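Everything below concerns the one structure shown next.
Protein chains: 4
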Amino acid sequence: MDIGFIGLGEMGGAMVANMLKAGHRVRVWNRSPERAQRLAEAGAVVVATPAEAFAGDAVFSMLADDHAVREVFDAPLLAGAPRGLTHVNMATISVALAETLAHEHAHRGLHYVAAPVLGRPDVAAAGKLTIVAAGPAEAIDRVQPVLDAIGQKTWRIGSLPQQASVMKLAANFMLASAVEALGEASALLAGHGVAMQDFLDVITGGLFTGPVYSGYGKMIAERRYEPALFKARLGLKDVRLALAAANATHTPMPMASTVHDSLVQAVAQGDGEKDFAVLGEVSARRAGRA
Amino acid sequence: MDIGFIGLGEMGGAMVANMLKAGHRVRVWNRSPERAQRLAEAGAVVVATPAEAFAGDAVFSMLADDHAVREVFDAPLLAGAPRGLTHVNMATISVALAETLAHEHAHRGLHYVAAPVLGRPDVAAAGKLTIVAAGPAEAIDRVQPVLDAIGQKTWRIGSLPQQASVMKLAANFMLASAVEALGEASALLAGHGVAMQDFLDVITGGLFTGPVYSGYGKMIAERRYEPALFKARLGLKDVRLALAAANATHTPMPMASTVHDSLVQAVAQGDGEKDFAVLGEVSARRAGRA
Amino acid sequence: MDIGFIGLGEMGGAMVANMLKAGHRVRVWNRSPERAQRLAEAGAVVVATPAEAFAGDAVFSMLADDHAVREVFDAPLLAGAPRGLTHVNMATISVALAETLAHEHAHRGLHYVAAPVLGRPDVAAAGKLTIVAAGPAEAIDRVQPVLDAIGQKTWRIGSLPQQASVMKLAANFMLASAVEALGEASALLAGHGVAMQDFLDVITGGLFTGPVYSGYGKMIAERRYEPALFKARLGLKDVRLALAAANATHTPMPMASTVHDSLVQAVAQGDGEKDFAVLGEVSARRAGRA
Amino acid sequence: MDIGFIGLGEMGGAMVANMLKAGHRVRVWNRSPERAQRLAEAGAVVVATPAEAFAGDAVFSMLADDHAVREVFDAPLLAGAPRGLTHVNMATISVALAETLAHEHAHRGLHYVAAPVLGRPDVAAAGKLTIVAAGPAEAIDRVQPVLDAIGQKTWRIGSLPQQASVMKLAANFMLASAVEALGEASALLAGHGVAMQDFLDVITGGLFTGPVYSGYGKMIAERRYEPALFKARLGLKDVRLALAAANATHTPMPMASTVHDSLVQAVAQGDGEKDFAVLGEVSARRAGRA
Numbered sequence: 000m001d002i003g004f005i006g007l008g009e010m011g012g013a014m015v016a017n018m019l020k021a022g023h024r025v026r027v028w029n030r031s032p033e034r035a036q037r038l039a040e041a042g043a044v045v046v047a048t049p050a051e052a053f054a055g056d057a058v059f060s061m062l063a064d065d066h067a068v069r070e071v072f073d074a075p076l077l078a079g080a081p082r083g084l085t086h087v088n089m090a091t092i093s094v095a096l097a098e099t100l101a102h103e104h105a106h107r108g109l110h111y112v113a114a115p116v117l118g119r120p121d122v123a124a125a126g127k128l129t130i131v132a133a134g135p136a137e138a139i140d141r142v143q144p145v146l147d148a149i150g151q152k153t154w155r156i157g158s159l160p161q162q163a164s165v166m167k168l169a170a171n172f173m174l175a176s177a178v179e180a181l182g183e184a185s186a187l188l189a190g191h192g193v194a195m196q197d198f199l200d201v202i203t204g205g206l207f208t209g210p211v212y213s214g215y216g217k218m219i220a221e222r223r224y225e226p227a228l229f230k231a232r233l234g235l236k237d238v239r240l241a242l243a244a245a246n247a248t249h250t251p252m253p254m255a256s257t258v259h260d261s262l263v264q265a266v267a268q269g270d271g272e273k274d275f276a277v278l279g280e281v282s283a284r285r286a287g288r289a
Numbered sequence: 000m001d002i003g004f005i006g007l008g009e010m011g012g013a014m015v016a017n018m019l020k021a022g023h024r025v026r027v028w029n030r031s032p033e034r035a036q037r038l039a040e041a042g043a044v045v046v047a048t049p050a051e052a053f054a055g056d057a058v059f060s061m062l063a064d065d066h067a068v069r070e071v072f073d074a075p076l077l078a079g080a081p082r083g084l085t086h087v088n089m090a091t092i093s094v095a096l097a098e099t100l101a102h103e104h105a106h107r108g109l110h111y112v113a114a115p116v117l118g119r120p121d122v123a124a125a126g127k128l129t130i131v132a133a134g135p136a137e138a139i140d141r142v143q144p145v146l147d148a149i150g151q152k153t154w155r156i157g158s159l160p161q162q163a164s165v166m167k168l169a170a171n172f173m174l175a176s177a178v179e180a181l182g183e184a185s186a187l188l189a190g191h192g193v194a195m196q197d198f199l200d201v202i203t204g205g206l207f208t209g210p211v212y213s214g215y216g217k218m219i220a221e222r223r224y225e226p227a228l229f230k231a232r233l234g235l236k237d238v239r240l241a242l243a244a245a246n247a248t249h250t251p252m253p254m255a256s257t258v259h260d261s262l263v264q265a266v267a268q269g270d271g272e273k274d275f276a277v278l279g280e281v282s283a284r285r286a287g288r289a
Numbered sequence: 000m001d002i003g004f005i006g007l008g009e010m011g012g013a014m015v016a017n018m019l020k021a022g023h024r025v026r027v028w029n030r031s032p033e034r035a036q037r038l039a040e041a042g043a044v045v046v047a048t049p050a051e052a053f054a055g056d057a058v059f060s061m062l063a064d065d066h067a068v069r070e071v072f073d074a075p076l077l078a079g080a081p082r083g084l085t086h087v088n089m090a091t092i093s094v095a096l097a098e099t100l101a102h103e104h105a106h107r108g109l110h111y112v113a114a115p116v117l118g119r120p121d122v123a124a125a126g127k128l129t130i131v132a133a134g135p136a137e138a139i140d141r142v143q144p145v146l147d148a149i150g151q152k153t154w155r156i157g158s159l160p161q162q163a164s165v166m167k168l169a170a171n172f173m174l175a176s177a178v179e180a181l182g183e184a185s186a187l188l189a190g191h192g193v194a195m196q197d198f199l200d201v202i203t204g205g206l207f208t209g210p211v212y213s214g215y216g217k218m219i220a221e222r223r224y225e226p227a228l229f230k231a232r233l234g235l236k237d238v239r240l241a242l243a244a245a246n247a248t249h250t251p252m253p254m255a256s257t258v259h260d261s262l263v264q265a266v267a268q269g270d271g272e273k274d275f276a277v278l279g280e281v282s283a284r285r286a287g288r289a
Numbered sequence: 000m001d002i003g004f005i006g007l008g009e010m011g012g013a014m015v016a017n018m019l020k021a022g023h024r025v026r027v028w029n030r031s032p033e034r035a036q037r038l039a040e041a042g043a044v045v046v047a048t049p050a051e052a053f054a055g056d057a058v059f060s061m062l063a064d065d066h067a068v069r070e071v072f073d074a075p076l077l078a079g080a081p082r083g084l085t086h087v088n089m090a091t092i093s094v095a096l097a098e099t100l101a102h103e104h105a106h107r108g109l110h111y112v113a114a115p116v117l118g119r120p121d122v123a124a125a126g127k128l129t130i131v132a133a134g135p136a137e138a139i140d141r142v143q144p145v146l147d148a149i150g151q152k153t154w155r156i157g158s159l160p161q162q163a164s165v166m167k168l169a170a171n172f173m174l175a176s177a178v179e180a181l182g183e184a185s186a187l188l189a190g191h192g193v194a195m196q197d198f199l200d201v202i203t204g205g206l207f208t209g210p211v212y213s214g215y216g217k218m219i220a221e222r223r224y225e226p227a228l229f230k231a232r233l234g235l236k237d238v239r240l241a242l243a244a245a246n247a248t249h250t251p252m253p254m255a256s257t258v259h260d261s262l263v264q265a266v267a268q269g270d271g272e273k274d275f276a277v278l279g280e281v282s283a284r285r286a287g288r289a
């Protein structure tokens, strides 16, 4: 397919590489052009403006947050796009913005699909992302071959793009909650002289298998929070978006509020750039032991 | 070995059956004698008083809570026991009582091991429990053959019995937190028309593998909380014990407080005997949707 | 003085009446013109557009929320205003919007003062409002005679308009916290058969004097939440703005999060239009007693 | 009347002095006898054992906590007391212990009144305490003249002694909540450069009159927490008792949980002996500003 791609961070760059490998033609644009050059060597066509990328059979985008998305996909860009174009937005954005973008695209005769992904850069590089897609079924059908090039599985969640956003945010809320729970458990154990690593050995053996508990748990056990797999600052952003999505339908989430407050504390105390496993340190500080 | 066993609920009964199968001689006592009779058919020797069970090479106990433990293991029982006897307490009790019992046993020349288990009755029946043991190493060494008959693995956590209690309570706190997180996520998703089962399919595929998320998650997705695997009333008891253990060392656990409050709510609203996945219902009620 | 006034709700209408009484000339504008007509009888000059009100020596505004403020004070209105005009915004708005408006006014050569008020419509009618003002001192000096006509006291908080917003939001957070505390105390007492009114008699006698505890406490004691002095929906709005102001400087406010969640619950359960003393009902429902 | 008095701390000593002034004969006992000697000079009869004080027309007690109460009022003391004796317990104790003591006294033919007081030592010295009494009406009638000597008003709450305990605990929960709210408001304001003292001036002028907000607020504004009027450690004890009383009737109190966690934090971070206004410091530390 003839694809545009906007946003070439670590995640976006890995996706483009896999699209190229799968034989697609990809026009790429990034705010800072250096990143685009590297992909040119792999066969991508570097374009000078978002508008040149926002064309062809379909365009994919992977930008940092609501602000970046809002800046690029403005009214002139949408107005200038060829009717019938499908835009697949893979960024983790607010439910409110997802809803707004869906309306704006529809209004211009464009198809809008939200397809946030679960998985970190190494998973993206391996083409093994989990993709959560929502939007018009035919639009997703059209881009499915491209999605297959970057993910191991595409889950179709619903016909409203914001539904994919809310699911992604719910997943990240679950993640942050598990990390806060590990942090508090660690403080509880430390108070009684029990080693966190012993605890992890016990619970990851049967109760809590999977990478979350062993991975973030290990960081807490070793009190090493760098390099960050998921920065506290970004974890806070996503929990905040989850709370905003809940508020929009008057849904109290007291545990999410608690995790939010702990993450604010992490950032306030200077740990925003560390992995959000630093919640273990927040718990230790609360107990006067850090 | 010549073993005594006190407390023949579902868990205790399954353990005794496996001890008998492994060739140990077991004297059993239970407050309500019917349960003991069933084990007699499998070869257990039914005794009439706790004191008769509290003798031999070692005695194991599996009672419901602090109150039941405190009632049986009173001063006269300990005073009448043969010096050097090893008592392995497998109940989930408070850290404070574990500490008290350790002192009382030592004072009487008895060895005290705390060995709470992870796993439900079906796991106990299969002899596959995860055992968390703490206490004097030689005492654990002595009873290890019996522990091997009931569990797939014994983790040795420390030399102070209460350390096993705190680890068990930390594990159950983690469990309750995961269930509350599932409940809140479910309410968030429902507000935006996303199916909980779709969410579970996505997260249990890679992020949150293991039985906790799929099992309790399914109950929440189907809004069916019976039969209960882990009753809300008992989940509340354990979270309360975790908070008490944290308080004893001045360790704030805000997420544990939040889970506690949700579990109190479940019990107050009449759901104490349902599975603690009923936290999903508490979340729905908070959002005016139940 | 020659004054414009925008926003003629209950509060705004009462303020205009007092300004007229004090001898000021007031041009008034309101989205729905009926309210303006009533003030015309008292001597106000009704104008047809916000721009006609946004002129003269100074203009005051009292709109409902961020959205209403943002809609009226748009770029064209500010661009068309006479340079040197002082705008006194008395609405309770977000700290972020206060900051934005301050910049936008300064950019156009306009003076911007934030002067939110404490007090309900009956206090406004009596000209006894407490005014919290922030902005350039000379601008406040200029409008002080008008402020004196509507309030019993003007507190000058700082030179940045958003500082008045944050103080107003902090006050309303205190208020909502006191009401939630009353609600929880009421549930605690009810569980033990103690009458809430007895409790109020005791605490308002010395510990908690002042109208907050006796007034909202009485509503909780009588379980009557209408007519609403302060609607739950609006209380939620203000607590949310307080949390947003705190988040902007990475300040965790766990109690504010708790009050927020209770207010969301009130609204979700259908009580948004009732007085926020309905938090007493939320507490009762949590305890399965409503 | 012929009175016994047990427990001569600052509060108890002040009460005895006022009882003597009113013409009552008072036998006094205290664990550490020095305190008793000082009262001897004022006319009290110092006795050597609690049993000698636990006699006469009525006996009053003012001990520190559940532990101290439980140690003194044991089975032998109650068994040896003259039938028909009225015991007025003025300590702030748990609802559970109040209930137990009521049963034990009734069983021995003794009358038991719970009469915790509101007010600090200076108020006690002035004989102006607020007394919250619960128990059999005739028993309270009998001791009313003595209560009148130490308090400005006796509120009769109910016929069950634990009802007075729960009311006292509810009042102290309200107090701790107000202080936490002040602490969080202070952190919110500090983040935007607004002076806490300005805020206090505004809110204590009309909204929050009374000594609580001005007194504890001033400590937070000045960041001086000594000398302590109400120690953080004791505030924590009372909030914990309030939560225990709530739990006994399955009443969730999420705000109380939040205040509890902040007080645990204060104690864990070394501030247990400071005034509980040190919650302001806890808020500042959470925001990385202390």
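Note that the protein sequences, when read in sequence, are chains D, X, E and F. Residue numbering for the first sequence follows numbering that gives the first Met the number 0, beginning at 0 and increasing consecutively. Residue numbering for the second sequence follows numbering that gives the first Met the number 0, beginning at 0 and increasing consecutively. Residue numbering for the third sequence follows numbering that gives the first Met the number 0, beginning at 0 and increasing consecutively. Residue numbering for the fourth sequence follows numbering that gives the first Met the number 0, beginning at 0 and increasing consecutively. For every residue, glycine included, the Cβ atom is placed at its ideal position computed from N, Cα and C. Nothing here was measured: the structure is a model prediction, and the numbers come from that model.
Under 7 Å between C-beta atoms of residue i and residue j
i	j	result
F:Met18	F:Pro120	no
E:Ile130	E:Ala114	yes
E:Leu186	E:Ser282	One point to set straight first is that residue 186 of chain E is Ala, not Leu, in the sequence displayed. Cβ atoms of E:Ala186 and E:Ser282: closer than 7 Å.
D:Ala276	D:Val178	yes
D:Ala231	D:Ala124	no
F:His191	E:Gln162	yes
F:Leu109	F:Leu84	yes
D:Arg5	D:Pro49	As written in the sequence, residue 5 of chain D is Ile, which differs from the Arg given in the question. Yes, Cβ-Cβ distance for D:Ile5 and D:Pro49 is below 7 Å.
Chain D contact residues for residue i, given Cβ-Cβ distances below 8 Å
i	result
E:Asn246	Arg239, Val263
Under the three-state DSSP convention, the category residue i falls into
i	result
X:Asn17	helix
F:Asp56	coil
X:Arg24	strand
E:Gly279	helix
F:Gly118	coil
E:Thr129	strand
Per-residue contacts from residue i into chain D (C-beta, under 7 Å)
i	result
E:Asp260	Pro251, Pro253, Ser256
Contact belief for residue i with residue j at Cβ below 8 Å, rounded distance in angstroms
i	j	result
D:Leu117	D:Ala184	With a Cβ gap of about 24 Å, D:Leu117 and D:Ala184 do not count as contacting.
E:Val258	E:Val165	Not a contact, Cβ separation roughly 17 Å.
Proximal residues of chain E, C-beta to C-beta of residue i below 7 Å
i	result
F:Thr129	Val201, Gly204, Gly205
Interface residues of chain F facing residue i [CB-CB closer than 8 Å]
i	result
E:Gly208	Here the sequence assigns Thr to residue 208 of chain E, which means Gly is not the residue at that position. Within 8 Å Cβ-Cβ: Thr208, Gly209.
Within chain X, the residues that residue i reaches when beta carbons sit closer than 9 Å
i	result
F:Ala267	Thr248, His249, Thr250, Pro251
E:Arg232	Here the premise fails: no neighbours, minimum Cβ distance about 14 Å.
Chain-ordered chain F contacts of residue i [CB-CB under 7 Å]
i	result
D:Ala286	Ala267
Could you pull out every unbroken alpha helix (DSSP H) segment of at least 4 residues lying fully inside the region 234 to 267 of chain X, listed in chain order?
For the region 234 to 267 of chain X, whole alpha helix (DSSP H) runs of length 4 or above, ordered along the chain, are 253 to 267.
Contiguous alpha helix (DSSP H) assignments of at least 4 residues, all confined to the region 168 to 225 of chain E:
Listed in chain order, they are 195 to 202, 210 to 221.
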